[in-house]
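**Student:** Just dropping this structure here.
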Amino acid sequence: MNTDTEELKKCNTKLITPLIVLSCTAIIAIFTYFEHYPVGDWFVIVCTSVVIFLILGLIVEKMITKFVDINYEKAMAEIEEAKRLEEEARAAMEAEGAEVGDGLNVVPEDQDNPSLF
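Basically the numbering used here = 1-based index in the sequence shown + 8.
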């Protein structure tokens, strides 16, 4: 279970923004190039698309990072709850064992107990 939480924590979201910017801008640049836009218009469109997709990429990256953090906190809370329940169960079993042990009649070893034979 420890490796699962480490994998959640290690989730790398730093590449989301560059991938969105590069892929979307490349699509727009290729499309406008093949549509024979004038070079000045093409340059303005590509630069504008870089800025727009940079903003969108940062928003998406922040949303995913927040989602990963929430999942990590939830996983850690579940682990803590499981540990707490395990400790409570162990304490209850020890208490139950002590209560049962108190009621037993202990016979010293040097006495013969005919009921055991």
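The beta-carbon is built from N, C-alpha and C at its ideal position, and this holds for glycine as well.
When you compare each of I28, R92, C19 to V68 by their alpha carbons, which one comes out closest?
**Tutor:** For this step, residue 68 is matched to residue 60 along the sequence shown. Measuring from the Cα of V68, the nearest candidate turns out to be I28.
**Student:** Given a cut-off of 8 Å, decide if G65 and I24 are closer than it, judged by their beta-carbon atoms.
**Tutor:** Here residue 24 corresponds to residue number 16 of the sequence shown, with the count starting at 1. Here residue 65 corresponds to residue number 57 of the sequence shown, with the count starting at 1. The answer is yes: Cβ separation under 8 Å.
**Student:** For C32 versus F51, is the C-beta spacing smaller than 8 Å?
**Tutor:** The count along the sequence shown starts at 1 and reaches residue 32 at position 24. The count along the sequence shown starts at 1 and reaches residue 51 at position 43. Cβ distance not < 8 Å, so C32 and F51 don't count as in contact.
**Student:** Cα separation between A100 and A90?
**Tutor:** In the sequence shown, residue 100 corresponds to position 92, counting from 1. In the sequence shown, residue 90 corresponds to position 82, counting from 1. Their Cα atoms are separated by approximately 15 Å.
**Student:** Can the beta-carbon of T40 be found closer than 8 Å to that of V76?
**Tutor:** For the purposes of this step, residue 40 is taken as the residue at position 32 of the sequence shown. For the purposes of this step, residue 76 is taken as the residue at position 68 of the sequence shown. Cβ atoms of T40 and V76: not closer than 8 Å.
**Student:** Using the three-state DSSP reduction, which class does P46 fall into: helix, strand or coil?
**Tutor:** Translated into the one-based positions of the sequence shown, residue 46 becomes position 38. P46: coil per DSSP, three-state reduction.
**Student:** Would you mind working out which of P26, A103, M84, E96 sits nearest V59, comparing C-alpha positions?
**Tutor:** As a working note, residue 59 is residue 51 in the sequence shown. For V59, the nearest C-alpha among the options comes from P26.
**Student:** Taking the straight line between their C-alpha atoms, what separation do you get for G105 and I87?
**Tutor:** Here residue 105 refers to the residue found at position 97 when the sequence shown is read from its first residue. Here residue 87 refers to the residue found at position 79 when the sequence shown is read from its first residue. Looking at the two C-alpha atoms, the distance is approximately 27 Å.
**Student:** In angstroms with no decimal places, state the Cα-to-Cα distance between I78 and E94.
**Tutor:** For this step, residue 78 is matched to residue 70 along the sequence shown. For this step, residue 94 is matched to residue 86 along the sequence shown. Cα-Cα distance, rounded: 24 Å.
**Student:** Go ahead and pull the three-state DSSP assignment for C141.
**Tutor:** This structure gives no information on residue 141, because the portion of the chain shown stretches from 9 to 125.
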